[in-house]
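Residue numbers (my numbering): 2 to 417. By construction, the Cβ of each residue, glycine as well, lies at the ideal position given by its N, Cα and C atoms. Owing to the predicted nature of the structure, the values given are computational and were not obtained by experimental measurement. Quick notes on the structure that follows.
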């Protein structure tokens with residue numbers, strides 16, 4: 002890839018395993034995004050407390066963080082397709098439990114609150130801890146190195162299309178048909194994904210020392226990441242940027258109290274960043290960010306922080322919707338670049354462990370960000386907390402640019 006223009010933007014789609022994997026992930030992501038909207042609205046309807054929304058993220062991230070490193074070790078020792086299939090089956094079980102609870106929660110809330118919902122979400126966190134490093138490592142196995150930027154872009158496109166449709170379907174289904182049918186749809190989408198995952202090939206486990214202990218294996222993964230400034234810098238940038246800058250967890254409050262648009266409007270607002278991300282991904286498929294990559298990464302993260310500040314100030318639904326769309330465009334630049342960096346820098350035998358470290362930085366940032374948003378909203382108030390978060394994102398960008406010069410000057414075209 003010698004120029005900024007990609008003459009074969011669809012090259013990775015010629016790989017059958019990539020098609021099966023990405024389509025399966027598409028259906029699973031729709032279910033997960035629907036579930037996020039439905040659970041968020043259900044919890045806020047029951048509690049009327051923004052902090053309860055933050056606890057949803059905390060319930061998922063605690064088991065996720067506790068098991069992430071071990072899950073990466075497993076992904077480098079076990080056939081990755083098997084992990085993907087098993088974790089998908091367990092997620093289907095979670096969706097089924099949420100459906101059952103939707104019939105019981107109104108009565109149970111009087112005696113034990115929303116603890117059962119938090120427990121199911123915690124189990125979802127366990128599932129995610131094992132699914133993420135396995136699918137990330139598997140994708141790198143089935144795609145040639147020269148197509149990593151292309152696969153990262155299309156992975157982002159498909160994920161964000163699902164992230165557009167999932168919240169919209171979830172919000173509309175909840176608003177028009179009620180919570181029970183909404184959860185039934187979550188279960189249907191999650192169940193569909195297993196068919197596609199089963200059609201992928203089983204790839205061999207990369208060769209490594211069979212006598213290597215678990216602790217040494219985990220330490221090697223952490224050490225590898227910490228010694229690569231481009232890896233640790235991009236991971237830290239995303240973690241702290243999303244941790245402070247994400248207002249998604251508070252969207253039920255904005256939809257109900259500020260914009261007054263109900264669950265239908267919430268679904269549209271949740272989908273808005275993904276709409277922007279899809280638009281930007283299509284641009285990046287033809288014009289991949291292979292030159293001045295580091296500067297583009299920082300610009301994308303800074304733009305995201307500015308959008309969060311603007312969103313907090315807005316009182317108009319259409320303006321807020323537009324701002325969220327633009328925020329998704331900026332964020333997607335960062336997503337594609339970080340994913341490509343991860344694939345290019347990591348050897349096959351360490352992909353599971355490095356992906357698990359990445360998931361601790363990045364995968365947990367959304368859930369920790371949800372908790373931070375809920376806590377900040379309680380302490381500072383709804384609007385000031387989002388403005389504070391956007392400002393902190395800009396501070397993180399400034400500090401990372403200063404202390405990670407390798408990342409700042411990086412150009413992907415020189416790594417291929």
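Proximity to residue i [Cα-Cα], best of the options
{"i": "residue 31", "options": "266, 357 and 193", "result": "193"}
{"i": "residue 351", "options": "316, 142, 203 and 112", "result": "142"}
{"i": "residue 374", "options": "244, 238 and 404", "result": "244"}
{"i": "residue 165", "options": "125, 99 and 35", "result": "35"}
{"i": "residue 56", "options": "69, 74, 73 and 37", "result": "37"}
{"i": "residue 289", "options": "315, 400, 342 and 252", "result": "342"}
{"i": "residue 484", "options": "386, 265 and 301", "result": "Absent from the model: residue 484. The displayed extent of the chain is 2 to 417, so no value can be given."}
{"i": "residue 207", "options": "353, 313 and 286", "result": "353"}
{"i": "residue 270", "options": "323, 316 and 294", "result": "323"}
{"i": "residue 235", "options": "409, 27, 315 and 414", "result": "409"}
{"i": "residue 9", "options": "363, 256 and 151", "result": "151"}
{"i": "residue 204", "options": "265, 135 and 355", "result": "135"}
{"i": "residue 120", "options": "40, 159 and 173", "result": "40"}
{"i": "residue 256", "options": "296, 200, 231 and 315", "result": "315"}
{"i": "residue 228", "options": "415, 413, 405 and 21", "result": "405"}
{"i": "residue 232", "options": "43, 70 and 407", "result": "407"}
{"i": "residue 74", "options": "95, 214 and 116", "result": "214"}
{"i": "residue 17", "options": "162, 383, 90 and 200", "result": "200"}
{"i": "residue 286", "options": "91, 93, 159 and 139", "result": "159"}
{"i": "residue 90", "options": "198, 266, 279 and 317", "result": "198"}
{"i": "residue 252", "options": "358, 50, 24 and 68", "result": "50"}
{"i": "residue 44", "options": "381, 106 and 69", "result": "106"}
{"i": "residue 311", "options": "327, 98, 53 and 379", "result": "327"}
{"i": "residue 11", "options": "283, 72 and 319", "result": "283"}
{"i": "residue 95", "options": "46, 33 and 154", "result": "33"}
Residue i: first and last residue of the uninterrupted alpha helix (DSSP H) it sits in
{"i": "residue 151", "result": "149-178"}
{"i": "residue 407", "result": "406-410"}
{"i": "residue 274", "result": "263-287"}
{"i": "residue 46", "result": "17-48"}
{"i": "residue 300", "result": "294-314"}
{"i": "residue 322", "result": "318-346"}
{"i": "residue 223", "result": "215-227"}
{"i": "residue 9", "result": "Element bounds for residue 9: n/a, residue is neither H nor E."}
{"i": "residue 355", "result": "352-359"}
Distance cut-off 7 Å: residue i Cβ against heavy atoms of the ligand FAD
{"i": "residue 236", "result": "As for the ligand FAD, it is missing from this structure, which has no ligand bound."}
Quiz item: Of all the beta strand (DSSP E) runs that stay within the bounds of the region 67-126, which reach a length of 3 or more residues?
Solution: Complete beta strand (DSSP E) runs here, min 3: none at all.
Quiz item: Below 8 Å, can you find three or more Cβ-Cβ pairs linking the region 327-343 to the region 220-239?
Solution: yes
Quiz item: Three or more C-beta pairs closer than 8 Å, one from the region 74-82 and one from the region 223-234: is that the case here?
Solution: When C-beta atoms of the region 74-82 are compared with those of the region 223-234, fewer than three pairs fall below 8 Å, so the two segments do not count as touching.
Quiz item: Counting Cβ pairs closer than 8 Å, one from the region 179-194 and one from the region 47-61, do we hit at least three?
Solution: no
Quiz item: Should the region 123-136 be regarded as contacting the region 252-268, the criterion being three or more beta carbon pairs within less than 8 Å?
Solution: no
Quiz item: Is there contact here, the region 165-182 with the region 384-395, by at least three beta-carbon pairs under 8 Å?
Solution: no
Quiz item: Would you say the region 15-28 touches the region 292-308, given that touching needs at least three Cβ pairs under 8 Å?
Solution: no
Quiz item: Any chance the region 181-188 sits against the region 97-116, with 3 or more Cβ pairs inside 8 Å?
Solution: yes
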